Every structure is written in structure tokens, then in C-alpha cells.
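Residue numbers (full-length UniProt numbering): 1 to 703.
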Amino acid sequence: MSQITKSTCCYCGVGCGVLIEHDGTKVLNVSGDPDHPANLGRLCSKGSTLHLTGDSSARALYPELRLGKTLARSRTDWDTALDHASEQFAQVIAEHGPDSVAFYLSGQLLTEDYFAFNKLVRGLVGTNNVDSNSRLCMSSAVVGYKKALGADAPPCSYEDIEQSDCVLIIGSNMAFAHPVLFRRLEAAKAARPDMQLIVVDPRRTDTAELADIFLPIQPGTDVALCHGLLHILLWEGWIDRAFIETHTEGFDALKTLVRDYTPELVAEICGIKASDLHNVARLIGSTPSFLSLWCMGLNQSSCGTDKVGALINLHLATGQIGKPGSGPFSLTGQPNAMGGRETGTMASILPGHRDPKNAEHRAEVARFWGVDSLPENPGLTAIDLFQAIKDGKIKALWIACTNPAQSLPNQTLIHEALAACPFVVVQEAFTTSETVPYADLLLPAASWSEKEGSVTNSERRISHVRAAVPAPGEARPDWAIAVDFAKRLEQRLRANQPSLFPFQHAEEIFLEHAALTAGRDLDLSGLNYTVLDSQGPQQWPFPQGAAQGTARLYQDRQFATDNGKAKFMASAYEPTVERRDARYELSLMTGRLRDQWHGMTRTGTCARLFSHTEEAVLSLNPRELSRRNLSDGQLVSVKSRRGSLILPVKADDSLQMAQAFLPMHWGGRYLKALGINTLTLGDYDPYSQQPELKHSAITVKPV
Ligand code: SF4
């Protein structure tokens, strides 16, 4: 007899609601939840095939342990596994200090998982060495929002897409990466043909096909583009002087900076027509409402924060923020990167959007948790963390729900680091993850449809995630594993004191997290699972006593800065770290396909999801192929300064000359090498530490 359980899709940050049809033991089908405000019943190809993915033969079912790097892991029980882990971690901490251990987590985790880990790392172990693959996803957006608006809070809602008169999509192939939201945009544009759509992307993507104006800029030139637009807005008087004077500061410095970004210069830098720049500026300067949407094309850059700031500048200069259909709106890559930010489970954040560099913030959290203090030493962010592991500074590493041996840039370094780390715990649902072979201890984790908790999507909307079926074998929810380990570790680190981890149920963790946000910009202290179940998914802030969530921020023009004023960011354009040159003459861009997710541990065994793209191919402009005497399907050696791969090439006229594109999904188990990210580089943004995954210089030779 089948039943229906409401939950959410586990893939992207749109956060679609799903109805899971199941018989209590296995998932039979998945459909869109018509009552969920994010998707109103729609699902994309990935969401609608959830029940066909997650190959059961690839699941991690039991804890496995090895007592030496050259030995094979063998099955063990949970008590032995977690006792051994706590002994190893306690020993390393005793000998080398708390900063000699580290935790690398994931935007795929639920909020409760994230919170439990953060309390374990900050409150018990006493280190800030906790980071997440969200470092690769949204950290430039986080810093950009904080610098400009005072808080890491996307100000808009999905309904702004339907209400906007002019939408700019920059650095996002939304049609593939956030398909259901793109369908909402398509429907809105069909219903209101006057809505103007501008798309900025080096590639003529499926998203660009819908554009009224498409600006095919050169990779990495977004800051110059935004400054050029602001130059024209100023010159033409298409700015909101009253808004600038009353609600912002720092405009004079920016005005001086953008004086040099003439349309002619910007057209040359970006490789576009000056007349197109004028047309876009005219649209932005004259539209009643202006919404911008962005994703990894801005964030994954060595100047990602500056890119985000330059885009937000356009909204502040025109007063297009805090009103319907207007505002800068980051599209979250992962389903719960937002939850990781809210719980502060990254090296650069504390719970409730607090700052680990702020002594009062540390003291607030320490008081709340009943511990003496929180650690002061800066934590290692993802790229620096793996360098520190390779350098021997990290002796014990815990990886949960992520696959750094596929997803981080400069894979040679990552694999060397994992091989060198004395003790590696991998908490994972699938044994096919490229990181699993490095595990000294493998802990089987529950996956989608098997555990309860909550997630926050791109529009700050929190959904209750429900379990429909039991996890296979002895797999357990991620938060439960973290809590069980923490209880054993506190026996060794703070024996005879009350446990910091009295949690029996996911909601108890949610309630502690919610209470810790009280009075903060994201205050969600009025939420619990009962409210989410009775009123449906809610947007924060939702403080105690609130009747409903908050759809749009800054409507009162009071920003989250010290003085309530938004701040313009005046940063000059900087080119990509690697430039094309005589040896590496092509710009490599990486990105998502329509039907695959991350490293394909879940989607890679569903035949239907390969009907759109079957294999990893390097796309080049057709003239680039003929210039090199290459033909479609021919194998080539693709080489960057860090590594090389053998791949087939494909003619693709969505690309410009001297550009190449590779899907990000294929890792080492498919390519018999270190995967796509053997080519990419680990240089990162100085403010967000987000690496420049979106651009590296390569060369291509026939094999
Ligand atoms: Fe899942 Fe994103 Fe597709 Fe929605 S748009 S069904 S959240 S992958």
C-alpha cells in the first residue's frame, strides 16, 4: 500500500517541494508538491528522476575501518568505529592541539547536521577548522552581501521574478542550473512580453536564448562590465540621487573609479559592442523595477567579491532594491548552502551570522552553549585546509557528505593531501565517491528520503525535510553520527561535565539553532517543525510571535550595516589569474549540465539522465576545431599548468573563438585520471577564499 510523504528535492538551491510515493520500505515515485511555494508542483529532469537515482548497490551500508594505510578496510560495528575515531581525535588534540584536526562538510547536509557538527568543532574540540564545499559555491556572494548591505541575506523572493520589468542574469546558466526557477521566468515573460531579459555570459547558453539582449563578454570581465554600465548611468543621469544621498555611502569613490570605464574601453575589455552596453544601461536606468540573478559565474572567481559588489552597485545607484521585482538575488548552488551559512558552519562564520573574529560574538555563542570560550585562531578555508593537510599540519580529518577528491580544484594537490593525512574519516552515503578510497574509517550515512531535518533555499525559505523510508544497512542520519561521535569525544575531553549533545531528535537541534538566531538579522526563533508543517515553508526572518515569514528585505531602506546605510564597493577590474598565452591559448570554463548533479554519485547510474549528454566532452567553437584540423569526436590531450586529460572534442557554436567548455561532473572513476578538476586552479578570492573554478588556461593537442 503506497503512501505519500512531503519533502524537498536534494539537488539545487531552488529547493523544490516533492511528494515521495513509497511503500514504507522503498521509494516508488516522485512528483512535484503543488503546495510548495518554490516550485508549485514543477520538477526538472533531476528532481523528477530522484526515485531512479542513488544506485542501491553503491550504498555504504556498514562502518568500515582499517588500522593501517596499506590495509584494506573491513566491516566493523558503530561502537568500535566511533570509539576508535574519538580515541584518534583525542590523541591528536592532546599531542598537537585542537588546530591539528579539521572537518570538511557540505551544502548537501541538512541544517541540523550542520549545527551538530559546528557545535562539535567549535564548542567541544575548540578549533575553527571547519569548512564546507559551500566555499566553492556561495562564499563570494556572502562577503559581497555583507560588505554592501551589512548582512548575508539575499533580499529578494522568487515572486520578484514574476513582478520584475527588467531581469539581468549574469554568470548563470539558470536554464540548466536552476531549471524550475527558469521555467517561472519563462512563464512570466510569456505572460508579460514587455518584461526585458538581459543575459551576460561568455557562452550563448540555453538561458541566453531567451534574452532580449545577450552580452557575450570575455570570461572574468564582469567587474569592467558593471563599471561601464554605471559610467553610462551616471553620464546620462539615470541614477537615483535621492536614494544614493539618503541611504548609501561611498558613492564618490566609486564615481571617481568608474570615470575611467568609458563605453569604448569596456567594450574592448569585454569583447562586446559599445552600443549594446548603452542599450543595457538605458534599460536598467529607465525600468520601473530591476532584478539581477547570479550564480557561479560571479562567485567562482579570484575577484568574486568584487564582481558581486559591482553588481550590487548598480542596484544601489538606481535605488532598485527593497521593492517588488527589484534587487540583487544570488541563486544558491546547493540545496542547503544557506543552512550552512545560518548555522555558521564555515571557518569564516559563527552561528546566527556571527563573526568568529568578533570577541563579543564568540562570547555570545560560548555562553549559549555553556562552554568557557570559543576558539579565536582563524580557521582554515577549503583550499588552505588541503594545503595544510599536505604540509602535515592536520593530523586528523573528518569529511562528511562531500567529495573533495572530485570537486576541489587542482586535484593533484588534493589527492596528495588525502594520501598524506594520518587519519581520515569519510562519512558518506555512496561508496563510489572518489574520496572513499582515502578513508581510514568509512561511516555509512543516510541519504535523501531517509532522514529528517530542514533546508533553506535561495529565497531564505526553510522547508521541513521528512524521512519516507529507512536508510539501508546500518546507515544513519548525519547529525546522529556527529552527535554520537561528539558524546564519545567529550568523555575524553571534558569528562564528568553535562553533555553538550543531549539531542535525541532532529527537531531538538533545530530549536537550539533557531534560539541562537534570536535578535540576529536572520532571526528564525519563531519557527519549529509544527509551524513549518501547519503553515508550510517559511522565509526568514521569522522571529518569536511572527505570524508569517518575510518575503522582501530592506523595504524600509534600513540596511543591516552599523549606520543603516548601504555601502558602495569601489574595486578596480582585475583580469583572471591565468591569461591565455602562446602555450595555453584557450580559456577553459566549467559548468553544470542540465541532467547531472555534482560528481554524479547519485545521478551517474540513471540511464535517462545521460540522454542529454552522454560523456565528458570538451566543447570548442567549430572554427577553432577546423583551425586545428580536429574533427568532432576526435580524442585530444587537454593540458593546463596543473595536469592533463584525454577527452573527445565537440563542435559547439555557443562558444566564442579561443574558448572551451567542460562539464564539471566527471571525476576520476569515469576518466581513469584525476577528473575534470585536475585542470582547474586553486587561486582564490582574497575576501571570500572562493577558488577560480570558472577559468583556467589550457592547450589542446591531438593524440
Ligand atoms: Fe531539484 Fe533544483 Fe530541479 Fe527543483 S530545480 S527539481 S530543486 S534540481
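For every residue, glycine included, the Cβ atom is placed at its ideal position computed from N, Cα and C. Bear in mind the structure is a predicted one, so any value in this text is a computation, not a measurement.
Contact test: residue i Cβ vs the ligand SF4 heavy atom, cutoff 8 angstroms
i: residue 6; result: no
i: residue 43; result: yes
i: residue 39; result: yes
i: residue 46; result: yes
i: residue 465; result: no
i: residue 104; result: no
i: residue 137; result: no
i: residue 181; result: yes
i: residue 333; result: no
i: residue 11; result: yes
i: residue 178; result: yes
i: residue 15; result: yes
i: residue 448; result: no
i: residue 597; result: yes
Alpha-carbon to alpha-carbon, residue j and residue i
i: residue 433; j: residue 403; result: 6 angstroms
i: residue 462; j: residue 456; result: 4 angstroms
i: residue 491; j: residue 368; result: 21 angstroms
i: residue 282; j: residue 324; result: 20 angstroms
i: residue 696; j: residue 460; result: 33 angstroms
i: residue 67; j: residue 678; result: 30 angstroms
i: residue 121; j: residue 373; result: 13 angstroms
i: residue 527; j: residue 566; result: 29 angstroms
i: residue 288; j: residue 165; result: 6 angstroms
i: residue 201; j: residue 213; result: 11 angstroms
i: residue 604; j: residue 60; result: 16 angstroms
i: residue 448; j: residue 498; result: 33 angstroms
i: residue 127; j: residue 302; result: 27 angstroms
i: residue 618; j: residue 123; result: 46 angstroms
i: residue 106; j: residue 626; result: 42 angstroms
i: residue 703; j: residue 645; result: 11 angstroms
i: residue 501; j: residue 488; result: 10 angstroms
i: residue 583; j: residue 640; result: 9 angstroms
i: residue 62; j: residue 475; result: 7 angstroms
i: residue 667; j: residue 615; result: 12 angstroms
i: residue 558; j: residue 322; result: 9 angstroms
Counterpart residues of residue i in DSSP-defined beta bridges
i: residue 418; result: The partner list for residue 418 (beta bridge, DSSP) is empty, contrary to what the question assumes.
i: residue 661; result: 589 and 619
i: residue 102; result: 397
i: residue 166; result: 196 and 290
i: residue 566; result: 248
i: residue 357; result: According to DSSP, residue 357 bridges with nothing at all.
i: residue 454; result: 464
i: residue 650; result: 619
i: residue 21; result: 4 and 29
i: residue 131; result: 104
i: residue 693; result: Its beta-bridge partners do not exist; DSSP assigns none.
i: residue 346; result: 349
i: residue 436; result: According to DSSP, which records beta bridges pairwise, residue 436 is partnered with nothing at all.
i: residue 428; result: 444
Assumed close pair residue i, residue j - CB separation to whole angstroms, cut-off 8 angstroms
i: residue 151; j: residue 145; result: 7 angstroms
i: residue 138; j: residue 167; result: That pair is no contact at about 20 angstroms.
i: residue 687; j: residue 224; result: Contact doesn't hold; Cβ gap of about 19 angstroms is too wide.
i: residue 353; j: residue 522; result: 6 angstroms
i: residue 300; j: residue 689; result: The Cβ separation is near 12 angstroms, so there is no contact.
i: residue 577; j: residue 638; result: Actually they do not touch by this definition, with Cβ atoms about 19 angstroms apart.
i: residue 298; j: residue 304; result: 6 angstroms
i: residue 443; j: residue 481; result: 6 angstroms
i: residue 243; j: residue 291; result: About 17 angstroms; that fails the 8 angstroms criterion.
i: residue 671; j: residue 411; result: Contact flag wrong, Cβ pair sits at about 11 angstroms.
i: residue 551; j: residue 539; result: 6 angstroms
i: residue 347; j: residue 131; result: 5 angstroms
i: residue 110; j: residue 377; result: Not confirmed; about 28 angstroms, so no contact.
i: residue 116; j: residue 510; result: Going by Cβ atoms, the distance from residue 116 to residue 510 rounds to 11 angstroms, so no, they are not a contact pair.
i: residue 681; j: residue 409; result: 6 angstroms
Residue i Cβ short of 8 angstroms to the ligand PLP heavy atom set
i: residue 426; result: Annotation note on the ligand PLP: not contained in the displayed structure, which lists the ligand SF4 as its ligands.
Open item on the list: Within 8 angstroms, do at least three Cβ pairs link the stretch 399-418 to the stretch 434-446?
Closed with: For the pair of segments examined, the stretch 434-446 was found to touch the stretch 399-418: the number of CB pairs separated by less than 8 angstroms reaches three.
TODO: Would you check if there are 3 or more beta carbon pairs closer than 8 angstroms linking the stretch 248-262 to the stretch 218-232?
DONE: Yes, the stretch 248-262 touches the stretch 218-232.
TODO: Would you check if there are 3 or more beta carbon pairs closer than 8 angstroms linking the stretch 173-183 to the stretch 195-213?
DONE: Pairwise C-beta distances place the stretch 173-183 in contact with the stretch 195-213, as three or more of them are shorter than 8 angstroms.
Task: Stretch pair the stretch 260-275 + the stretch 534-547: three plus CB contacts closer than 8 angstroms - done: With a cut-off of 8 angstroms, the stretch 534-547 and the stretch 260-275 do not count as touching, because too few Cβ pairs lie within range.
Open item on the list: Under 8 angstroms, with one C-beta from each stretch per pair, do the stretch 391-407 and the stretch 86-105 reach the 3-pair mark?
Closed with: With a cut-off of 8 angstroms, the stretch 86-105 and the stretch 391-407 count as touching, because enough Cβ pairs lie within range.
TODO: Answer yes if the stretch 46-54 comes into contact with the stretch 599-616, meaning at least three C-beta pairs across the two stretches below 8 angstroms, and no otherwise.
DONE: They touch, by the three-pair rule.
Open item on the list: With a threshold of 8 angstroms, are at least 3 pairs of Cβ atoms found where one atom belongs to the stretch 357-366 and the other to the stretch 178-198?
Closed with: Contact between the stretch 357-366 and the stretch 178-198 is not established, with fewer than three Cβ pairs separated by less than 8 angstroms.
Open item on the list: Below 8 angstroms, how does it come out for the stretch 80-91 and the stretch 39-49: are there three or more Cβ pairs, yes or no?
Closed with: No, because fewer than three Cβ pairs between the stretch 80-91 and the stretch 39-49 fall closer than 8 angstroms, the two stretches do not touch.
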